[in-house]
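Reviewing the structure listed below.
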Amino acid sequence: MDYLKFIETELAPLRAKLNNHSLYSNLKTIEDVKIFMEQHVFAVWDFMSMLKALQNQLTCTAVPWIPATLSSTARFINEIVLGEESDINELGVPKSHFEMYLEAMEQVGASTKQITEFINLIKTGQKPLKAASVVKLNNKTLDFVKFTFEVIETQKPHLIASAFTFGREDVIPDMFFQIINQSKTKNNSYSKLTYYLNRHIELDGDEHGPLSLKMIADLCKNNKQNWQEALAIAKLALKHRLALWDSISLLIEKQPVEA
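Quick note: the sequence shown uses the numbering used here, first residue 617, plus one each step.
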């Protein structure tokens, strides 16, 4: 049985909802973009924790070093870490994608106060969910982050990889393509955001997406239970993304109408 094809087929209705979400067409003004970024930045941040969880599970980050069980998967994870944690921005300066996103927020005038306070709390040793509570994170954004860490805490590589692959790498190019093409935000005021989105479309669509599918196959092998669990997590990941998009879209729609 082609399990990957089966999962992709099972996820097709959720992906269709995601690709046709009203959020994209709601990004009409700079104020809309600000609202989107102020919530979405937490998904940009927690992506890195999921990636680091995979790096800890599938490569050796301890001393003394021992070889990884799956060398090809270890290489893939390390390549993504290189790109996500120390990519080159539009000026040729090494930056993490998270830092690029913060710079894009500053360019459009979005507030970075909440995410900065959140990161500062993490630096002091605060747990993510406690820090989120302190900064009064939007409920649906909190649910999204909470799900990410619930998956990480399973410490099961095939589950983390499923959320990472089907909830992030495999859908990000389509989502970001929709943001660029459906929204009415095409001007120089969004050059850093546009660079960030295009960079993800390029990396995730051409390189990371296909390799992440191979990672799933390597981790699940012919274990039917693993594939079933991977599918269940993938569906939950997409449902949480849809709930986040619903919430952000509603926040945009509830903005006061200017006279």
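Yeah, the Cβ is synthetic: ideal placement off N, Cα and C, and Gly gets one too.
{"query": "Close beta carbons around Thr675, own chain, < 7 Å, minus the five adjacent residues each side", "result": "Ala684, Ala690, Ile693, Asn694"}
{"query": "Neighbourhood of Phe734 by C-beta, 7 Å cutoff - its chain only, sequence neighbours within 5 removed", "result": "Ala747, Ala748, Val751"}
{"query": "Nonlocal neighbours in the same chain, by C-beta distance under 7 Å from Asn642, ignoring five residues either side", "result": "Asp648, Ser865, Ile868, Glu869"}
{"query": "Straight-line gap, Ala875 to Ser712 (C-alpha atoms, nearest Å)", "result": "Confidence at Ala875 is low in this model, with a pLDDT of 41, below 50, so the placement of that residue should be treated as unreliable; the coordinate-derived value is given next. C-alpha separation (whole angstroms): 40 Å."}
{"query": "For Pro629, three-class secondary structure by DSSP", "result": "helix"}
{"query": "Identified DSSP bridge partners for Asp703", "result": "Lys711"}
{"query": "Beta-carbon contacts of Ile731 that lie in its chain and below 6 Å, excluding the five residues immediately before and after", "result": "Val657"}
{"query": "Pair within 8 Å by beta-carbon distance, Phe780 and Leu667", "result": "yes"}
{"query": "Range of the contiguous alpha helix (DSSP H) that encloses His774", "result": "773–780"}
{"query": "Under 8 Å between C-beta atoms of Gln673 and Ile776", "result": "yes"}
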